Each structure stands twice: as structure tokens, then as C-alpha cells.
Amino acid sequence: MKLSAQLVYGLVACILMVSAPHAEHLPLWVSAECGALLLWRAWLARSGKALPPRWLLLGITLLSVVGIAIGFRSLFGREVGVTLLILLSTLKLLELKAVRDATIVVYLSCFIIITNFFYSQSIPTALFMLATLLVILATWVHMQTGDLAFKPRLRIGGMLLLQAIPLSLILFVLFPRVQGPLWGLPQDAYASSGLSDTMSPGSMSKLSLNDAVAFRVNFDGEAPSRDRMYWRGPVLWDFDGTTWKRGRNATTQKSTLEDTGMSLGYTVTLEPHNKRWLFALDMPDKLSIPHRLTPDFQLLSEKDVSTRLRYHAESLLSYRANPDEPPRQLQRALNLPRGLNPQAHELAQGWRTQHPDDDAAIVREVLRHFNQGGFEYTLEPPLLGMNGVDEFLFQTRQGFCEHYAGSFVYLLRAAGVPARVVTGYQGGEYNTLGDYYILRQADAHAWAEVWLGKRGWVRYDPTAAIAPARIESGLSAAVSNPAALPFMARNPPPWLRNLRFNWDALANQWNQWVLGYNSETQFAFLTRLGMEDISWQKLALNMLAGIFILVGVFTLLLLRRLVVRSSDPVQASWLRLCRKLGKAGLPRAPHEGPLDYAARVGAAHPEVAASMDDLAARYVALRYRAPGDDTALLAFKRAVASFRL
Amino acid sequence: MKLPDIRGSLKHKFRNWAFRRTVETGTVLLNQRRIYILPTRQFFGFGFVLVLMLLGDINYNLSLGYVLTFLLATTGGLSMLYAFRNMAQLEIHAGYVEPVFAGEQARFVFHFNNPGSLPRHQIHLHDDAGHETVFDLPALTSTPVELALPATKRGWLDSGRLTLYTRFPLGLFNAWSYIHFDVRALVYPKPAAPQALPIAAAPDGSGKTTIRGDEDFAGLRNYVPGDAMPRIAWKALAREQGLQVKEFSAQQGQQLWLDWSQLPDIAQERKLELLTRWVLDADTQGLHYGLRLPDGEVIPQHGPAHRAECLRRLALYGIPQP
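Keeping their order, the protein sequence lines are chains A and B.
In this text, residue positions in the first sequence follow the working numbering: the first is 4, and each later residue adds one.
In this text, residue positions in the second sequence follow the working numbering: the first is 615, and each later residue adds one.
See below:
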């Protein structure tokens, strides 16, 4: 069968729709080439001209592949694969002659849709997928319906899709999930910018411009006050003059946490960030997923968090952390690079001589210094040189949280008080609709921990000494120029805020229930539904049972309109009589009128001749002579019902 | 070279055995007992694509990918139901088949009644030799469907067992049914090349006279359906006198016997072909003619019914009646 122009347009639309979302990450020339090729194909179909010769297509293909190989410096990998797939499907359209080959284009389109999910699986993506599927199905139906018009084809495709949705829902919920990956996951599976495990001036303020969601939190009960919401991330020990690093722990001794009450449970939905650390409130106590707790209370996942992760955690808000820290570890908390920042050392030594035995008093001195020394909290601090701490403390006095946390720890170490930098997130935005907190990259924060003997490691946040509003109400309240902040960190009008909250609540549900649906959530969900002893065999059985039931329902629904019984009661009664006679071996011939039929029946069975003639006469009267006579109709119905042959 | 034939005949035998049905009369209802469904080759290609997609979903943990894969899989599954629905509950009965001459196409007509409110799409009807027709059936209507089969030999042409199939909507499933109606086409012998009519014998047997063609024009009469085209008075029509037919008075009373025994010594089929040609020519010329065959005769007459009877006798000559 030859391809009709209509079918070619459909196929061009399919390829166009499946590759459109890829346009933003394809090389520009590939997008342009594909667009041009598709236009060319549509034009050829419209004008009825012959397809380009083979050698030309082969030439274009070779040139494009070489171009891609040069552009990507490889012919392997996901990005290249997707680019090649789109290009070759487009080229396939140009050599398509028979309807049978068009099936391949349809299959390829379906496959290209799935490659888009590497980049986005959001709600709009899902909706666009449905629209694309509809176009694909309508085109597919076209191959089997010849010259059926576009609208009925779209209807058939739409009905198929609509009926497939409940069935695939059953499959989605009950299909036994296998935890991937089956083979190596490429490094570029997910890419995101987030917290890193080093801190230098500017690293936090750079994040403060990032509106992306880092994680979301549902508290089991009451949420703690905002100034206690410190989400602990990487702990930084080693300082080289500009950058704080994690370094290596000098001990393998397990951390100890003495509970002084205030245990708090909550669930975190963590966005993938390709690093191992997990976030929990200071101080983490229990975690629902496999993890490792380092001696400095850092939670680490077993492997990089490359997919969205959901876990339940319990934290102690009042605690005594590692009061008996081993000396080697404490020594790490005192190390400073030699020969730098002489003014800072001098200042710290002065405090030490004032309070020879009181570490806590020194801490208070430092905080007072920040609070009363004319320091300013800003997103755009001046650049610092070699003796960064000195410059910051005595000249610029303008900084973001990393400046305060870093110099705070520096001063304490210079005074001989063990201290370390802790990075993570602070606060969170409450979504009233979803009853959860959103933590964005802009909420990234750095603070300090000081070891105070029997009290263990105690958290101090020097930023709170300069800009308490940052801790109590968030970034926008604390910086003088909110316009520089990302949109959601500013204070947008309430209706816009509500809209954003609505959307984020929806996206959160989507993330948790659709995208985050894996073997664990499946297990939890089905247990909550009351299923016991879940095994994959059981899941498969349930799935099959569900599908059979639905298919049964569908069969009944779908086969309903195959025969339409007449709605005219006179006609219905007459047909009933005909069926009776038909069963007795005297079916009415299609051409036979009622009177002729009655005569024939009467001839074959003289015993019913009279009643048959009567019935036929009544039928004719009711149908043609006096329609609408209800008493006559009733009598006719009765007569038909009592008729026996 | 021989192998495909053996395979073909084995396949044929198997199908005859597996789907044995007797020849049917009256109206056939396509119910679930006579509709068979099997996946097509495309189905397996589609399945392969789905498996690839599922592996990708598992490996990259693409939840939306699972959704897409399941949507496509269930759509494919549903298309089986659609294929069945496209065929189910159709009522079919065979219609009248016009006789044809050997070498022409016999047009078998089947009336497909769609009693439901769903239109049916792209149903194919074909015989075992691959002659095919494709049609749609609108809702709540009866549609005549014509299947042209080549008539090669004179006599009865049986439609044979016909296959009715559909691959609607996605081509993943083939739903089919067999129908074998008690319907046959009468195939007249192929008329021989034009040849002069034999000499007509006078009814009294007084001798032989040649037919004088148009010289005995007697007048015009009104056209009645069935009159031969060459006898229509086109000039009269051009003069706006209506559709009229020329009558030839000379032919009244003259009888032409088309006699088997008078034919030269040629093969039997050639004789039949020649007689067919003469029957046609004599009818065209409006002659009274009779047909004499070894197994009987048709007394001289003229008109469409007579012509049909003569041709029928020629078609069925020497063929035992079933």
C-alpha cells in the first residue's frame, strides 16, 4: 500500500512531537537539520514528488553522523545515542515508501519519548507525553483505516488511550518492581548543583541564587521553631587559608549522643544531588534507610544519591554530643595554617588571657565582637586576599554566612578552643497546603560547632549574632537588597505565593507517589492497603487478577453497541414474533413484508393461520395506519407474548 | 522448488481440517465461535520494543517510563478487543451473482449488515487465491460488498471458502473468520471470434435462404428494457422522438436454428464458443433463433430470457447437475 500524504503528515507530526522536548539539549545544528528534513518530507508528500535518491540520503546520514561524532567527541553515551536516534528516525521518514515501514517510525517515536524522561519527569512532561501518545495512536490507527478522516481517527486513538489509562494504573501499582540499575548507570544520569564538601568565600552566596528544591520535609508531629531547624550536611575540619575541607577523621570511635529529651521524627524527600550525604536535623539519631554515621555526626548514604530518595529520620534537638571526643580528633579541631592572619591570632590571644579557663566565655566574646564590631550581612561581599580572615575581621567587615562561620571557627581555634564548621541548610519554607517544609538551595547555610568539654559539641551560629533575621525569618529579611535574591527567596505577593505553594504541593505528591514509586514505596503502599506477605509472585497474581477483571468490564462495555435493538415498541414486538417463528424453522426472508410472511406461515402451519393473519394485520395497523394507539399496542404485545407455534 | 508447494498444500490441508465448516445458506452471524484472533508479526516487533523500554525503565528507574510502557502495552492488548469488536455480530448473506462469460470477472455480492451503532473499519474479504476486496461498514446499515473472482471455465463457479479479516486498529492482531456460502456464478462459454451466422432454415423446410439484414426495416416501436443496444434508433433519439427501437418485419416468421450437428468437426469447447457467439449475434440482430444441442433443444424464440436460457444450456453442456 502506498503512503498517503495524510499519513506522512501524521508521521512527521509524531517525530516532531517526540523530538521537540529534546531541542534544548540537542546541538543547535542537529535541531535545525531535523526541522528542515521534516519540512522537506512534508513538502514532498504535499507536492507528490519522488523521494530523494538513496545516495543523497546516505550522504546526508554519513555527514551528520560524522558531525555528531566530532561535536560530542564520541559515538557512545546517552546524549549521543539520543541525538543519533532522533536524526536517524527523521532520515527514515525520507526513505519511507510502504505503509508497513511506517510502523517502524511509530515504534521509534515511542522509544524517543522515553529518552526524554532522562531529562525531565515532571507533571508537564507527563501531560505532554499523553498528547504525544494521542498523536502517535491516531497516526498508527491511520495505517489500518485507509482514508478515514482525521477526527474519527483521533477519536479511536483517544478512546484506546482513555481505556488504557486505568489498566496501566493497575500495572503501575502492582507490577513487581525491581530496584535498578541492571547495568552501570552513566555518570550523567542526573546533574544538579548543590552543596559541596568544601567551603570558601563565595561558595554559599553563590547557592543563595539557586531556587531549586533541595529536599522536602514532613514532620510527624509539631515542627520545631525555625531557629532550631539546622539541617546538618558536610562537617568541615581542615582549613588551608581560603578553603575549608572535610579532611579525614582521626578516629573510628563511634559517636555518642546523650539524649536530653526532645526527640523528633520526620520524613525527608531528598532530590538527587549525586553526592553521598543525607540531611537530617541536628543531631541525627535514627534513619530508616541503610546509612553510615561518621564520628562527626554526618549521615552518609551507601552510594551516591542519584535518584529521589525518601527516608524517615529521628533527631534529638537537645543533646550532648561526643563529650569524650578522643584527643587526636580534638587536635584536628585546633589546627590552623601557620603564619597567616596575625591580627586575628592577636585578638584571640587577648581573649584567652582574659579567660584562661573558660572556653564558653571566649565564645561569648567572639559573638559579641561580631555583634558590636560593625559587621554587615550581605550577599555581595568584597573579595578577600591571602590573609582573608584578617581582611574580613578588620577591614571589609562585610560577609555572608561562610565568612562568619569560617572566621568564628578561626578565632576560636586561635584561642585554643576546639571548633569546626558545619554546612547544610537552615530553616525552610512552610507549605500550608501540603503541610511540609521546602528547603531550597538558597537555604544553604554554614554554622559552627564548639567542643565545650562535658557539654560536648555545641552549635553556635555567628550569622545569628549579625543578622538574627536570617535565622528567624529567612534570607529576604536579612539582606538589604532582596532584588538580588532568587524569586522564591524574596517576598512575592500572597496570591503568587499561594499559587507556587499549590504547584509545589502537587509536584511533591507527584514526586512521592509517581516518580518515587519503587520497590520500597510499593511495599509500604500495599501493606497500608492491607496486603500481607508481599512477594513478587503475589503481586503478579494480583496484577493479573486486576487486569482480568478490568478487561472483563471493558469487554462488556465495548461490545455493548454492537447490536442496537429497535426502540420502537411495535417493531420490537414484531421482531420478537419473527424470532419465535425463526426458531421454529420459518425465518422471515429479508424481502418479505408482514402480510406475505403471515400467508407463508399460515400455509406451512394451517393451525396458526388465523392468529398469524390477525397479528400481521394488527402490526400493519399499528405501524402504518394508526400509530400511537396504546391500548391496541398493549393487546398486540400480549398476543405476541402468548403466540405459540 | 517443490518445497513451498508441499508446504502450501499442507497448510491448506491443516486449515481445512482445523476450521472445517460446511457450506452455508441464508444469513451468517459472525459470533465469537467463528472469529479467530492471533497476533501478527508486527505484534512481536512491538513486544520487543516494549521489553527494551521496560529494561530501560528498570535500569534508570524511570517512573514515567513505566507509565509510558504500561500505557503502550495495555493499548496493544486492548487493540485485540477492538479487532474482535470490528468483526463481531456482523450479519452476512450472499446476493445474486450475474452470469458472466468465461474470461471475465464474476462479481460475487455479499450483503454485510452492521446492526450496531459502531462503524466497522477496513475489513478484508479474500479467497484462497488472494483476490481481495477491502471495505468499511457504516453503522446501522447494510452494505453490498463485491468480490470479483476470475471466471476461467464455463459452468458453475463456486465462490469457495472466503476469508474475512481485519487488523484494525493497530495491526497488532489479526481477527479472521471463514465464510463459505452456497453461492455460485454461472459462467457462459467464451464467445468465439465474430463469425457470420449460419443460414436460416424456413419453418416449412422449403430450403435455405440467407438472412437479409437491415433491408426489412418495418418501423419503430417504444424501447422496453432488455432491447439490444444496436437496435436503438439513435437518429430518432437525436430528433427528440424518445428512445425507440427499430423493428425488422422480414424476420417475422423466419427461424434460425443454431445446430450443433451442423457445425464443422472441431473440438467440443470450440463448438460451444461458436454457438455462444451466434446466440449473441442472433439476439443482437433480433432474430428468432433456436438452439439444438446433442442433449436437447431450445425452440426458436427471442428476447432476454430466451437468450439467457440458450447461454445457460451452452454453459452447462455436458456438466452433470449437482
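Even for Gly, the Cβ is constructed at its ideal location relative to N, Cα and C.
Quick caveat, the model's predicted, so the values are computed rather than measured.
In whole angstroms, what is the alpha-carbon distance linking A/W280 and A/T297?
-> 11 Å
List the residues that DSSP assigns as beta-bridge partners of B/A799.
-> B/L771
Given 8 Å, three or more beta-carbon pairs between the stretch 632–648 of chain A and the stretch 574–581 of chain A | yes
In chain B, which residues lie with their C-beta within 7 Å of the C-beta of A/I18?
-> Under the 7 Å cutoff, chain B gives no residues; its nearest Cβ is about 16 Å from A/I18.
Leaving out five residues before and five after B/P805 in sequence, what residues of the same chain have Cβ atoms less than 8 Å from its Cβ?
-> F715, E887, T890, R891 and L894
In angstroms, rounded to a whole number, what distance separates the CA positions of A/V369 and A/A336?
-> 17 Å
Keeping to the same chain, check which residues put their C-beta closer than 6 Å to that of A/A644; ignore five residues upstream and five downstream.
-> none
Anything in the stretch 111–137 of chain A with a Cβ closer than 8 Å to a Cβ of chain B? List those residues in chain order, please.
-> C113, F114, I116, I117, F120, F121, Q124, T128, A129, M132 and L136
Which of the residues in the stretch 894–905 of chain B, read from start to end, lie with their CB under 8 Å from any CB of chain A?
-> none
Go ahead and label B/R647 buried or exposed: buried means 16 or more other beta carbons lie within 10 angstroms of its beta carbon, across all protein chains shown.
-> exposed
Tell whether a beta-carbon distance below 7 Å holds between B/L771 and B/A799.
-> yes
Would you mind stating whether A/G388 and A/E394 have Cβ atoms separated by less than 7 Å?
-> yes
Measuring CB to CB, does A/T118 end up less than 7 Å from A/V85?
-> yes
Determine the chain B residues that contact A/L542 at a beta-carbon separation under 8 Å, and present them in chain order.
-> Within chain B, no residue comes near A/L542; the closest Cβ sits about 14 Å away, beyond 8 Å.
Pick from A/Y12, A/S67 and A/E27: whose alpha carbon is nearest that of A/E36?
-> A/S67
With a cut-off of 8 Å, do at least 3 Cβ pairs link the stretch 348–368 of chain A to the stretch 417–434 of chain A?
-> yes
Under 9 Å Cβ-Cβ, which residues of chain A neighbour B/S773?
-> Correct list: empty, because the minimum Cβ distance to chain A is about 20 Å.
Do you know whose CA, among A/E274, A/V238, A/W506 and A/A26, lies nearest A/W247's CA?
-> A/V238
Buried or exposed: which applies to B/V637, given that a residue is buried once 16 or more other Cβ atoms fall within 10 Å of its Cβ?
-> exposed
List, in order along the chain, the chain A residues whose C-beta lies closer than 8 Å to that of B/P764?
-> Here the premise fails: no neighbours, minimum Cβ distance about 22 Å.
In chain B, which residues lie less than 7 Å from A/A167 when you measure between Cβ atoms?
-> L685, T688, T689 and L692
With a 10 Å radius around its C-beta and 16 neighbouring C-beta atoms as the bar for buried, classify A/W454 as buried or exposed.
-> buried
If you measure from the beta carbon of A/T201 to each beta carbon in chain B, is any gap under 7 Å?
-> no
Note down, one range per segment and in chain order, each alpha helix (DSSP H) of at least 4 residues found wholly within the stretch 9–62 of chain A.
-> 31–50
Exposed unless 16 or more other CB atoms sit within 10 angstroms - verdict on B/G856 | exposed
In angstroms, rounded to a whole number, what distance separates the CA positions of A/F526 and B/G661?
-> 28 Å
B/Y779 - DSSP class collapsed to helix/strand/coil = strand
B/R926 (DSSP reduced to helix, strand or coil) = helix
Of the listed residues B/K885, B/A919 and B/T898, nearest to B/G932 (C-alpha basis) = B/K885
Which two residues bound the contiguous alpha helix (DSSP H) that contains A/A602?
-> P597 to A607
Given a threshold of 16 other Cβ atoms within 10 Å of its Cβ, counted over all protein chains shown, does A/T263 qualify as buried or as exposed?
-> exposed
Pair every Cβ in the stretch 611–626 of chain A with every Cβ in the stretch 553–570 of chain A, then say whether three or more of these pairs are closer than 8 Å.
-> no
Rounded straight-line distance, which links the Cα of B/A743 to that of B/A720 = 14 Å
Nearest-angstrom beta carbon gap, A/A364 and A/M207 [assumed within contact, 8 Å] | The pair is not a contact, with the Cβ atoms about 29 Å apart (cut-off 8 Å).
Taking all protein chains shown into account, do 16 or more other C-beta atoms lie within 10 angstroms of the C-beta of A/A629, making it buried, or fewer, making it exposed?
-> exposed
Closer than 8 Å by beta-carbon distance: list the chain B residues that pair up with A/R564, in chain order.
-> G730, S731 and L732
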